[in-house]
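Chains A and B, in that order, are what the protein sequence lines are. The first sequence begins at 1 in UniProt numbering and counts up by one. The second sequence begins at 1 in UniProt numbering and counts up by one.
2 protein chains.
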Amino acid sequence: MQKLKGIIQYDGTAFAGYQVQPNGRTIQAEIETALQKMHKGQTVKVTASGRTDAGVHAVGQMIHFTSDLDIPPEGWERALNAMLPDDIRIDDIQYADAGFHARYDTKGKEYRYKILNQKDPDLFRRYYSYHVPQKLDIAAIKEACRYLEGEHDFTSFCSARSTVKGDKVRTITKADIQPEGNELVFIFRGTGFLYNMVRILVGTLLEVGKGERKPEEVIAMIEAKDRSAAGKTAPPHGLFLWEVFY
Amino acid sequence: MQKLKGIIQYDGTAFAGYQVQPNGRTIQAEIETALQKMHKGQTVKVTASGRTDAGVHAVGQMIHFTSDLDIPPEGWERALNAMLPDDIRIDDIQYADAGFHARYDTKGKEYRYKILNQKDPDLFRRYYSYHVPQKLDIAAIKEACRYLEGEHDFTSFCSARSTVKGDKVRTITKADIQPEGNELVFIFRGTGFLYNMVRILVGTLLEVGKGERKPEEVIAMIEAKDRSAAGKTAPPHGLFLWEVFY
């Protein structure tokens, strides 16, 4: 048996999310179906660094799987990309140590969230960036980002539907916003993210940018440990799982 | 009765083309359906500067229609955009002179064609730019562009399925390729374009860029007045109707 790891990209638009579920097309199911074909009907389980929700994209999701087929990494890449639908792509397949685990070995992740900040929407970007027509105070957003960085209990920034066990203390090592072409891109890097955490951070920071909240209110939001203290959850389609660190 | 004109954008991916046809979703039918709802079931005909094929996009297509409704231009814009599907958008609606005709008054058009010229495809651009992994000789493409500019009989660059009446003499006022971010963009401006002409020009220029044809071969291709003398037809999804001139 060989353990292999690879980086997958996907356009989350037409998926019900990453993880296999009874109803709806999922990224995991598409990859497992492709692997099953290569293994003459035998089930091959794929493990990712974590799930993503419906509509959320990835450019650097990590997966691993094991196989008894004797195929070199480049062969896996060609074979899988030929079988996968055109909204999923796998790259950089390599042999992994027997002990490697795409989820348990994760040291951190980077998410990016794209905002189209102009009066009119851009229909060619409608699945890939969130249209915010209001003028945004970038300096205020950057100030609020400073309060989010560091180790905090992020209960206020976690969906009430979360089923996470254990505490909600996480460390954000970087929170920032930067222009990229005609878009604004939020960057969040951290040791781990709670359910919907990035989308709630973005929703909150946009309220700061619109002047509906002051940057320093973020401090009280964190202290409240109450989801209702923070801002709205931004929609999924601006969000990209950018990179997973090991 | 008021005549109105407006600029429409559309993502051609999910359409069978611009023009109404018995089978398949079309841009014209979607706009006419929206107008029909505003006119209590009465049919309102929409006229565009010309058709576009399945998968071809537009950022500056011009349309006109007439109506007996007393709605100011901004009201039309709001009402139509609220009713149109999210892959069509109308902007810049204005009153037009009674004699204005979106098709007959056209003085010229600009098309752009986007190429993703890198080894790996980008799944987020898969509907909006044509992936060409081979290295391209941009200087050779630019030289070939010079031979295309001017007034020529473009029979060799017109689909054999064309039903155009009259001659195939057209004037290309600008043919060029330029980098834009990580893409290459072909720009064609001219008095008129034959059926599939831009896609055949792009297919031919890409063969020049790959070194399969010499730039000066374009001269003989034009003189041949024979579709088989020119290169392949590039796929529709890289093509954008960029602007219509009046």
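Every residue, glycine too, gets a C-beta built ideally from N, C-alpha and C.
Identify the contact partners of residue i in chain A, using a Cβ-Cβ distance below 9 Å as the criterion.
| i | result |
| --- | --- |
| Arg126/B | Asp11, Asp86 and Asp87 |
| Asp120/B | Arg89 and Asp91 |
Can you tell me where the beta strand (DSSP E) with residue i in it begins and where it stops?
| i | result |
| --- | --- |
| Leu206/B | Careful: Leu206/B lies outside any beta strand (DSSP E), inside the alpha helix (DSSP H) at Met197 to Gly209. |
| Ala58/B | His57 to Ser67 |
| Arg227/B | Premise fails: Arg227/B is in no beta strand (DSSP E) and is neither H nor E. |
| Ser112/B | For the sequence presented, residue 112/B should be read as Arg rather than Ser. Note, Arg112/B: beta strand (DSSP E), Gly108 to Leu116. |
| Arg89/B | Ile88 to Tyr95 |
| Ile187/A | Glu183 to Gly190 |
| Gly150/B | Gly150 to Asp153 |
| Gly12/B | Looking at the DSSP string, Gly12/B is not in any beta strand (DSSP E), and its letter there is neither H nor E. |
| Leu80/A | Segment Pro73 to Met83 is the alpha helix (DSSP H) holding Leu80/A; no beta strand (DSSP E) there. |
Quick one: which chain B residues come within Cβ less than 9 Å of residue i?
| i | result |
| --- | --- |
| Asp92/A | Result: empty, since nearest Cβ-Cβ is about 10 Å, beyond 9 Å. |
| Gly181/A | Gly181 |
If we ignore side chains and look at the alpha-carbon of each, how far apart do residue i and residue j end up?
| i | j | result |
| --- | --- | --- |
| His237/A | Ser228/B | 44 Å |
| Lys5/B | Ala102/B | 8 Å |
| Lys119/B | Lys232/B | 21 Å |
| Cys145/A | Ala220/A | 14 Å |
| Ser159/A | Gly108/A | 20 Å |
| Arg51/A | Val20/A | 10 Å |
| residue 249/B | Ile200/B | Because chain B here runs from 1 to 246, residue 249/B falls outside it and cannot be looked at. |
| Phe65/A | Glu32/A | 10 Å |
| Pro72/A | Ala48/A | 21 Å |
| Gln36/B | Leu69/B | 12 Å |
| Leu205/B | Glu151/A | 56 Å |
| Phe188/A | Leu84/A | 29 Å |
| Ile8/A | Pro133/B | 20 Å |
| Ala98/B | Gly211/A | 47 Å |
| Asn81/A | Leu241/A | 20 Å |
| Gly60/B | Phe193/B | 16 Å |
| Phe157/B | Ala224/B | 10 Å |
| Ala234/A | Lys142/A | 18 Å |
| Phe100/B | Met62/B | 11 Å |
| Phe154/B | Lys40/A | 53 Å |
Would you mind stating whether residue i and residue j have Cβ atoms separated by less than 8 Å?
| i | j | result |
| --- | --- | --- |
| Ile138/A | Ile93/A | no |
| Glu149/B | Glu243/B | no |
| Tyr113/B | Arg161/B | no |
| Tyr246/B | Asp105/B | yes |
| Phe15/B | Tyr128/A | no |
| Asp53/A | Arg126/B | no |
| Thr171/B | Thr191/B | yes |
| Val218/B | Tyr130/B | no |
| Ile90/A | Glu77/A | yes |
| Tyr18/A | Gln28/A | yes |
| Val208/A | Ala140/A | yes |
| Val56/B | Gly12/B | yes |
| Ile115/B | Glu30/B | no |
| Leu136/A | Val198/A | no |
| Val202/B | Phe186/B | yes |
| Gly181/A | Gly181/B | yes |
Starting from residue i and walking both ways along the alpha helix (DSSP H), at which residues does that stretch end?
| i | result |
| --- | --- |
| Lys174/A | Run containing Lys174/A: none in the alpha helix (DSSP H); it sits in the beta strand (DSSP E), Val169 to Glu180. |
| Leu239/A | Where Leu239/A is concerned, there is no enclosing alpha helix (DSSP H), although the beta strand (DSSP E) it sits in stretches over Leu239 to Phe245. |
| Glu32/A | Ile27 to Met38 |
Under 7 Å Cβ-Cβ, which residues of chain A neighbour residue i?
| i | result |
| --- | --- |
| Leu194/B | Those within 7 Å of Leu194/B in chain A number zero; the least Cβ separation is about 26 Å. |
Taking residue i as the query, report the chain B residues whose CB atoms sit under 7 Å from its CB, ordered along the chain.
| i | result |
| --- | --- |
| Leu69/A | Here the premise fails: no neighbours, minimum Cβ distance about 24 Å. |
For residue i, which residues in chain B fall below 8 Å Cβ to Cβ?
| i | result |
| --- | --- |
| Leu123/A | Gln9, Tyr10, Asp11, Asp86, Asp87, Ile88 and Arg89 |
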